[in-house]
Each structure stands twice: as C-alpha cells, then as structure tokens.
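The structure under discussion appears below in the form of structure tokens.
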Amino acid sequence: MSKVFKKTSGNGHIALYLGKRDFVDNVDSVEVVDGVIKVDPSGLDGRKVYVYLACAFRYGSDDLDVIGLSFRRDIWIQRVQVYPPTGANATKSPMQESLMKKVGEQGCPFSFQLPTNLPCSVALQPGPNDSGKACGVDFEVKGYIANAADNADEVIEKKDTCRLMIRKIQFAPANNKPGPKAEISKQFMMTDKPVHLEASLEKEIYYHGDPITVKVKINNETSKVVKKIKITVEQLTSVVLYSSDTYTKPVCSEEFAETINANSTFEKSFQITPLLANNKEKRGLSVDGRLKDEDTHLASTTLSQGDKEMQGIIVSYKVKVNLMVSGGGLLGGLTGSDVTVELPLTLMSPKPAANWIKGLFSSGLTSDLSPWKDEMTSKGIHRSDREHRTQRNSTPLTRSTICHWVTTML
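Here it is as structure tokens:
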C-alpha cells in the first residue's frame, strides 16, 4: 500500500489512518470502512479512545455556524471503542494489516459496515459568490478521547479529536441492455389525425462526458408542420428526510432545426452531452464528490434496491424530446402546440481500475492531510466537541425548513 491518509489530533496523542477515502456502494452491499488509530496511552489520563462514522445531511451555510447554529443532521452514526481494546475487531483486514505495519504496536484497528440504504456523497453546487461548506450529504470518520462514547455532558476538546472525510460512491454496473423507449400520439384542434412521436435511447446506462444518442421517429399525419426538435436532459434532485421534495434543473438543452412537413415521416438520431463544465454557474446543481476539483462531475444517478427507504439526497435524470409544432389552416399560429415524451436516463461513472481509486486523492497527500475545509486545525475556529454534538442537530428540520433551504439554494 503506497498511499496512506493520516490525521493527527492537536495534542498528538491519537492519529487516524485510512488506506483509502472512497468506499464503493454495490447496491446490495457497501465496502467495509476500515482503518487504524494510533494511540499514545501516556496522554489519555485514564480516558478511552473511540471512533465514530457518521453520515450527515448539511442544509445550511458556514455563515450560520459562526453565530451558534449548525444546519446539519445526522442520518446515521455508529461508534466503537478502540482503546482499551474490547476484542471486537480481533480479525484484521489486509488493509489494516498494512496500516499496522506502518503505525506499529500503538495501532488499534476499527471497522464499520455501512447499511445499503444510505445516500451517496453528493454536494449541491454553490453559486459564484457563495463561500463555506457546500450543502449536501457527507461522511465523516472521527477519532476522539473521552470518558464515554456519547455523553452530552462531557466536554471533548478539539485537541483530543482527529477526523477525516470519506466518500460513499457508486459506479455503473455491467449492463448491455437496450435503452428505454417512449411514444405518444397527439391530436390537435381541428385535425382528424395525430402526430405520432417515438423516442428511444441507444443504451440504458451512459457515462459522464459521453454523448447521449437519442433516436427520434415522427409520423406527422396532420396539416401542421413540425419546425424544431428540442432535446433536454434534466436533473431531478429528491431531498428525502421527514418529507420528500423533488427539484428539477436542466443540465443540457439543444434545438435542432428539422422541418417535418404535413403528412410526412421522419427518422433521425441526435446526440446531446450534459457536462458540469457547461453548468458551473448553476447554483444548487447536484454534483459528485468534492467541489472545484478536477474529478468532480454531475452527480451520478442514485441506484437502490427499491424495497428500502433511503434518506438524504437522491439523484435521477430524464431526457425530454419536444416537437415544436406550428399552427396551420385558417387559425395559423393560434393552434400551434408541442408534443413531448420523456425517457429515464441513468448517468454514472464507469468502474475504474483499482489503482485509480487508490490514487484519486494522491494530489492532497501529506503527513497531516487536510484537503477538506472542515479539517482545519486552527484552535480559534472550532468549538468544543460537546457544542458540536449538541448544535449539529439543534436546528429544527421540518418540511418548511427544508423547503426554505432548497428554495434558497435553487
């Protein structure tokens, strides 16, 4: 193992080690989050060392955190005691064996099994003038020194903690299935026959950055003329906590000047490519992983088993094919209308080689890695851990709160 991610507490008594920071969700199972924490017993003063893994939903800005409010809600959290050892992690994974060789005798292994109904790491793209942490879903591994695992009355100083952010990600499954197909027949006022529109995608799953091929078939049996064909890719972001609300944003839209005269047929394939690079100014767009980084792209479609309720942010896409039909006859443009069909789109990243995953964050590796802003160690910035635990869930998260937050973002 050539890369190690490390975070040391302010007092140097504990240090968190991870072999990777991307953990893959295979829909029916999630990779185990395992690591090692190095403990210096001389600095514990009779206290214990714990590690927790939390999945949280952030729905407010850093500016509000400064005034004593934390717009953050834990979706899932699990804690384990690592020192003194309890024997719960007697069997070490190959990753932990490698880390233990680097850490030495003071290393204590830990592991977490994430459930399959947790959302993936998704952030909402801030506007050009926004600052601070992005809203969205994140995962945090944190080591801390305390007398008890979770005691709201115990003050845990920032110097007694160390944390690393990780990502839960999904890759496109192996799939050679044909894409979806939809059709519609629409009859207009003062016409005896309809316009028939059929649209289909070449395949079921598309990768980020690849052109999406849309096949369009038209049978125009009316006296009207189809003047344009408009194809749009829309991103649907569902915010699911106490309620479920879905917000739609177009990520790509193109018009094709194709004329289909009255009583004629038409068949052609079009290509359209949704890219984050063309949507950098769009506030509230769902994106994968870290923001303002070369590996960031539009959020991938969220895959789920269907029978399990999922909270957080769920992302999906659809392709809309719209025929702009002009009016004809005596009424002219007054009887003009549109014909539209929608197709579900699965947009994801291909499963990379193992070396790519290991090296994904290599540009930020240091002995005290801190590529995320919330890993800063300046003593004047952080509150005590008790304040953090109390206030991170203090802001009421009601339907009106969510709607206000999303309306502000979008």
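In full-length UniProt numbering, the protein residues as written are 1 to 410.
Ideal Cβ placement from N, Cα and C applies to all residues, glycine included.
Every value quoted in this text rests on a predicted model; they were computed, and no experiment measured them.
Query	Result
Chain-order list of residues whose beta-carbon lies under 7 angstroms from that of LEU276 (same chain, five-residue window excluded)	VAL287, THR296, HIS297, LEU298
Residues bridged to residue 431 [DSSP beta-bridge criterion]	Given that the chain is displayed from residue 1 to residue 410, the structure contains no residue 431 and the question cannot be resolved.
Beta-carbon proximity of HIS13 to GLY43, cut-off 8 angstroms	yes
Span of the beta strand (DSSP E), counted from its first residue to its last, around LYS215	212 to 220
Contact set for GLU254: own chain, Cβ-Cβ below 6 angstroms, skip 5 residues either direction	ILE231, ILE272
Closest Cα partner of residue 411 within the set MET189, LYS227, VAL80, PRO180	Lying outside 1 to 410, the shown extent of the chain, residue 411 is not represented and no answer is given.
Stretch pair the stretch 212 to 225 + the stretch 248 to 268: three plus CB contacts closer than 8 angstroms	yes
Within the stretch 253 to 318, ranges of the beta strand (DSSP E) (whole runs, at least 3 residues)	264 to 272, 286 to 288
Per-residue DSSP class, three states only, for LEU349	It is Ser, not Leu, that sits at residue 349 in the sequence shown. Residue state, collapsed to three classes: coil.
Helix, strand or coil at LEU343 according to DSSP, with G and I counted as helix	strand
Endpoints, alpha helix (DSSP H) assigned at VAL103	94 to 103
GLN305 versus GLY209 - alpha carbon distance	26 angstroms
LYS168 beta carbon less than 8 angstroms from that of CYS135	no
Three-state class that DSSP yields for SER9 in the structure shown	coil
Close Cβ partners of LEU347 (< 6 angstroms) along its chain, the five nearest in sequence each way excluded	TYR206, THR301, TYR317
Coil, strand or helix - GLY143 by DSSP	strand
In DSSP terms, what HIS196 is bridged to	SER185, ASN219
Coil, strand or helix - LYS3 by DSSP	coil
Proximity below 8 angstroms, CB of PHE112 to CB of LEU53	yes
Nearest candidate by alpha-carbon position, reference PRO352, set GLU198, ILE314, GLU202, ALA174	ALA174
Backbone CA spacing between residue 434 and SER349 [nearest angstrom]	Within the shown structure, residues of the chain are numbered from 1 to 410, placing residue 434 beyond reach of any answer.
C-beta atoms of VAL319 and ILE212 nearer than 8 angstroms	yes
Beta-carbon spacing of LEU303, VAL27 below 8 angstroms	yes
Pairwise C-alpha distance: LYS159 and GLY104	23 angstroms
Counted within 10 angstroms of its Cβ, other Cβ atoms place VAL341 as buried (16 or more) or exposed	buried
C-alpha gap between LYS186 and ASP192, whole angstroms	11 angstroms
Alpha-carbon to alpha-carbon, PHE139 and MET165	6 angstroms
Cβ-Cβ separation, GLY312 to PHE57 (assumed contact under 8 angstroms), whole Å	5 angstroms
One or two residues paired with CYS162 in a DSSP bridge	GLY143
Selection from CYS252, THR222, ALA148 that minimises the alpha carbon distance to GLY46	ALA148
SER238, enclosing beta strand (DSSP E) - first and last residue	226 to 240
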